[in-house]
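Chemist: Have a look at this one.
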């Protein structure tokens, strides 16, 4: 039986992870669960899965839940997340959204915990310190993103074979084929309507701006040790081929599946085994009967170009890019800025940035905090 801790158990990835555990109770025991504001759902999860540790964002919520759930250790805030991450377990599934997911990953690796990583920001902002630390501690990092899971699976059994390029697929989001002028008219309701995937609000907006794909390029760079110039984005509207690898002999190996996040989640949770699923496979005579691929337009979806450039610049540039994006997405969701203001203001923030190189954890956290303040000031003008 594998012991698993889930950071972000009430979010989209977290709830789907618990669906998998529910279907495979003989395989898993839950060690820790954490949430932000959805206290009622966390309480129900505690009732069902009986974790040893539970974490909330605020002390008052932890205090209230501790009166209901006896025998569970409650913590809160940043320190609580780190405690949950450090707790002894067979696998830590980091499904937190945003930069707050990086520190728990760092400290979990320090403790030798294997990681199932759904939190892109860990590697976007901290890949330079996270990957060497994982190698030093002998920690495995299993990607949960469908694209990176596909790349990981495509590389299985091909260790030592030279990669020519990684083919990173993208649905294109709700505005695939849109012009720059059309993006100026985008509403919040339109941006939150993804054609293929069911996701949380932040990642749905990232998909609409295509920053999600930019973040994934940087994540792939660190996970698989390739240069970003060897990562090619393919817009694939059907979301059936989840990504592929082209080897030096011209062979291309990819992974296909229905657009269902429970597939890559279960792969990471069960690795090196696979869990039996009751869900349907691909309908090759329906949705998968006609697969198409297109080039993205980085002049319209500027976040793609921004991400490549930030990664190549290195140092704290990706940290600042990510921080600016998180703040601007929050502002867009709150109705404070327009859709195109997201990509335009990220570029403005990066143009003003004075980078630090050879970074440590403290440098990352400092650059992140400073960029958030500057972004809100600049975007509010």
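In the numbering used here, the protein residues as written are 220 to 600.
Just so it is clear, CB atoms sit at the ideal spot from N, CA and C, and this is done for glycine as well.
Please read these numbers as outputs of a predicted model, since none were measured by experiment.
1. Check residue 478 in the structure and name its three-state DSSP category.
2. How do the region 342-352 and the region 430-437 stand: do at least 3 beta-carbon pairs fall below 8 Å, yes or no?
3. Let me check one thing: in DSSP terms, what residues is residue 465 bridge-paired to?
4. Enumerate in chain order the residues of its own chain whose CB-to-CB distance from residue 318 is below 8 Å, with the five nearest sequence positions on each side excluded.
5. Taking only three categories from DSSP, how would you classify residue 224?
6. Under the rule that 16 or more other beta-carbon atoms within 10 Å means buried, what is residue 272, buried or exposed?
7. Out of 362, 423, 358, 390, point me to the one whose CA is closest to residue 455's CA.
8. Spatial neighbours of residue 580 within its chain, please: C-beta separation below 7 Å, excluding the five flanking residues on both sides.
9. Less than 9 Å between the beta carbons of residue 338 and residue 316, yes or no?
10. May I ask you to report which of helix, strand or coil DSSP gives residue 259?
11. Express the C-alpha separation of residue 597 and residue 493 in angstroms, rounding to a whole number.
12. Tell me the start and end of each unbroken beta strand (DSSP E) in the region 503-531 that is at least 3 residues and wholly inside, in chain order.
13. Between the C-alpha atoms of residue 504 and residue 564, what's the straight-line distance to the nearest angstrom?
14. Within 8 Å, do at least three Cβ pairs link the region 480-487 to the region 232-247?
15. Below 7 Å CB to CB, which residues in the same chain sit around residue 531 once its five sequence neighbours on both sides are set aside?
16. State the start and end residues of the unbroken alpha helix (DSSP H) segment that holds residue 283.
17. So does the region 300-307 actually touch the region 250-264, counting three or more Cβ pairs closer than 8 Å?
18. What residue from 268, 267, 398, 277 has the CA that sits closest to residue 258's CA?
Modeler: If we stick to the structure as given:
1. Walking along the chain shown from the start, residue 478 turns up at place 259. Residue state, collapsed to three classes: coil.
2. Taking a cut-off of 8 Å on C-beta distances, the region 342-352 touches the region 430-437, as three or more cross pairs fall below it.
3. Counted from its first residue, the chain shown places residue 465 at position 246. In the DSSP output, where bridge partners are listed per residue, residue 465 has 384, 471.
4. Here residue 318 refers to the residue found at position 99 of the chain shown. Closer than 8 Å at Cβ, skipping near neighbours: 340, 344, 541, 542, 545, 587.
5. Position 5 of the chain shown, counting from 1, holds the residue named residue 224. The three-state secondary structure of residue 224, taken from DSSP, is strand.
6. Taking the first residue of the chain shown as 1, we reach residue 272 at position 53. It counts as buried.
7. Counting from one through the chain shown, the residue named residue 455 turns up at place 236. With distances taken between Cα atoms, residue 455 lies closest to 390.
8. For the purposes of this step, residue 580 is identified with residue 361 of the chain shown, where counting begins at 1. These residues qualify, in order along the chain: 325, 348.
9. Taking the chain shown and counting its residues from 1, the one referred to as residue 338 is at position 119. Taking the chain shown and counting its residues from 1, the one referred to as residue 316 is at position 97. Cβ atoms of residue 338 and residue 316: closer than 9 Å.
10. The sequence position of residue 259 within the chain shown is 40, counting from 1. It is helical.
11. Position 274 of the chain shown, counted from the start, is the residue given in the question as residue 493. Position 378 of the chain shown, counted from the start, is the residue given in the question as residue 597. The alpha-carbon atoms of residue 493 and residue 597 are separated by roughly 48 Å.
12. none
13. On the chain shown, position 285 is the one that residue 504 refers to. On the chain shown, position 345 is the one that residue 564 refers to. Roughly 44 Å between the two C-alpha positions.
14. In short, these stretches touch, since the Cβ pair count reaches three.
15. Within the chain shown, numbered from 1, the residue matching residue 531 stands at position 312. When the five nearest sequence neighbours on each side are left out, the beta carbons in the same chain lying within less than 7 Å of the beta carbon of residue 531 are those of 447, in order along the chain.
16. Position 64 of the chain shown, counted from the start, is the residue given in the question as residue 283. Its alpha helix (DSSP H) spans residues 278-287.
17. By the criterion of at least three beta-carbon pairs nearer than 8 Å, the region 300-307 is in contact with the region 250-264.
18. Stepping through the chain shown from its first residue, residue 258 is reached at position 39. Comparing Cα positions, the closest option is 277.
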